[in-house]
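Residue numbers for the sequence shown follow my numbering, beginning at 165 and rising by one.
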Amino acid sequence: LATDYSDVNKPVAVDPTVFGRNYFDRASADDTETYEEAEERAQILADCAKLQELATDYSNPSKPIVVDPAVFGRCVYSDADMEEDEFADERAEILADCKALKELATDYSRPGKPIEVDPAVFGRDYFKRPSAPEFEDEEMAAICSDVSQLDERHRILADCRALKELATDYSDVNKPVVVDPAVFGRSYFNRPSADETETYEEAEERAQVLADAAKLKDLATDYSDVNKPLAVDPSLFGRGYYERDFAVETETVEEAEERAAILADAAKLKESAESYLRPEKPVAASSEVFGRNYFDRASAPEVESKEEADERARILADAAALKELATDYSRPEKPVTVDPAVFGRCYFDRPSAMEVEAEEPVDEQAELLVGDKALKNLAAAVKNAGLPGSKAIKTSSADTEVGAAKKSASSVNLFGLSEVEGM
């Protein structure tokens, strides 16, 4: 069961010999709606979908228009109830005026736009046009410039300024709206041209329909997306899954405890096997567990005293010094490392040095030198004398006397010097 819940892609294995009951015909099934109610609900959902799509189209102007190639449209100008030609002419005139106003507004909003002049058009003088006021002399000009005409001129300029500002507002949508705090507005919903508002009952009905549609959408999403987490309202009270009438028989407390103990043992065995299998796995220790001292435990070996530890350290130091000394003797090429903080003493003046005998007199040294010279002369005479004992004589084992004693390996051979001394 746990594997079925954890692996949603696992195929469902059904026993062909088992017969199930119909989910919709069970005793506890909800009341099903009639065919007319189902059609009405489908119509309402279709209307809601169209309204949602229409709202999306209005809110997202950049959304591409999807056209069904199987749908055929009709021409708007070939409609049966198309208005008469006189209205068409009036419409064309209105559209032309709108186009001219749009072009004029563009000219005002873009002062850098170049002026396009038709070469076939000739201009006239503003002051000499047929509709221009007549100014015969300076007196008439002074009369025309009275206060009333000035007010009319100012009003016309104010209207032009307002039209220019309105055109700028349309052309520049990012321009902030400036509101006069002295102006009072009227309610948008209570104006005479406002659309007819729905009643309270209609509003409640619409809210109920939208709530049902939201629930149906949520239910469809739950079925289509099995990985979606369940959102439970904490204020809702449900019945016990294990206490329902058709619930499977549950195990006793003792069986549950036994199962929990077996699962805990299996988990520990699994963890122990993983620890043996992966020696590099870090050891996880609980901060709530207190350990005992390894050296103070009851089964710990007896530890040595401080005197024994000092003696052992001294012995080890002596052994290390002896090892280093032996290495120095065995490797003459090893460089001598001298501590710069150590001061040396004279080898011959140390307290443990042997006693040196006193210097010999000059006469005794002279006698010794004469004796050395005599020995050197004697050695030279012996070398040049050609003595028989100094010849190399090859002997064999047969020439040796039988009763003669065998010489020792440590005996000294004088090579004829003994014969010279006898002479």
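Beta carbons are placed, not taken as given, at the ideal position from N, Cα and C, and that holds for glycine.
Keep in mind that this is a model prediction, so the values were computed, not measured.
- Message: Can you give me the C-alpha to C-alpha distance between Asp282 and Arg317, rounded to a whole angstrom?
- Response: 30 Å
- Item | Element boundaries [alpha helix (DSSP H), containing Arg423] | Val417 to Leu441
- Got a sec, what are the start and stop residues for the alpha helix (DSSP H) Val373 sits in? Tyr364 to Ser388
- Cys510 - DSSP class collapsed to helix/strand/coil: coil
- Do you know how far the Cα of Thr220 is from the Cα of Ser295? 54 Å
- Query: Looking at the structure shown, is Asn457 part of a helix, part of a strand, or coil, going by DSSP?
  - Reply: coil
- Message: If I measure Cβ to Cβ from Thr332 and keep anything under 6 Å in the same chain, skipping five residues before and after, which residues do I get?
- Response: Ser273
- Can Ser451 and Lys445 be called in contact, C-beta distance under 8 Å? no
- Query: Would you call the segment 384 to 395 and the segment 221 to 229 touching, i.e. three or more CB-CB distances under 8 Å?
  - Reply: no
- Task: Give the range of the alpha helix (DSSP H) segment to which Asp282 is assigned.
- Result: Here Asp282 belongs to no alpha helix (DSSP H), and DSSP marks it neither H nor E.
- Considering Leu489, what are the terminal residues of the alpha helix (DSSP H) in which it resides? Lys470 to Ser494
- Alpha-carbon to alpha-carbon, Glu267 and Lys277: 11 Å
- Message: Taking the alpha-carbon of Cys212 as reference, which of Gly455, Asp271 and Asp376 has the nearest alpha-carbon?
- Response: Asp376
- Item | N- and C-terminal bounds of the alpha helix (DSSP H) containing Asp168 | Ala166 to Ser170
- Item | Secondary structure of Asp179, DSSP reduced to three states | coil
- Query: Would you report the Cα separation of Ala260 and Glu254, rounded to the nearest angstrom?
  - Reply: 10 Å
- Task: Return the CA-CA distance between Glu138 and Asp336, expressed in angstroms with no decimal places.
- Result: Absent from the model: residue 138. The displayed extent of the chain is 165 to 587, so no value can be given.
- Item | Cα-Cα separation, Ser170 to Ala464 | 50 Å
- Message: Quick check on the DSSP output: the alpha helix (DSSP H) that includes Ile208 runs from which residue to which?
- Response: Tyr199 to Ser223
- Query: Just how far apart, CA to CA, sit Glu203 and Asp359?
  - Reply: 30 Å
- Query: Anyone know if the C-beta pair for Ala269 and Tyr222 falls short of 8 Å?
  - Reply: no
- Message: Would Val373 and Ile208 be called neighbours here (beta carbons separated by less than 8 Å)?
- Response: yes
- Query: Within the present structure, is the beta-carbon of Arg190 separated from the nearest heavy atom of the ligand HEM by less than 7 Å?
  - Reply: Among the ligands in the structure shown, none appear at all, so the ligand HEM cannot be discussed.
- Among Glu422, Pro275 and Asp397, which one has its Cα closest to the Cα of Lys328? Pro275
- Per-residue DSSP class, three states only, for Thr501: coil
- Item | Short Cβ contact (8 Å threshold) for Val467 with Phe454 | no
- Rounded to the nearest angstrom, how far is the Cβ of Thr361 from that of Phe353, given a contact under 8 Å? 7 Å
- Message: Checking 8 Å against the spacing of the C-beta atoms, do Thr198 and Phe188 come in under that value?
- Response: no
- Inter-residue Cα distance where the pair is Arg456 and Thr416: 40 Å
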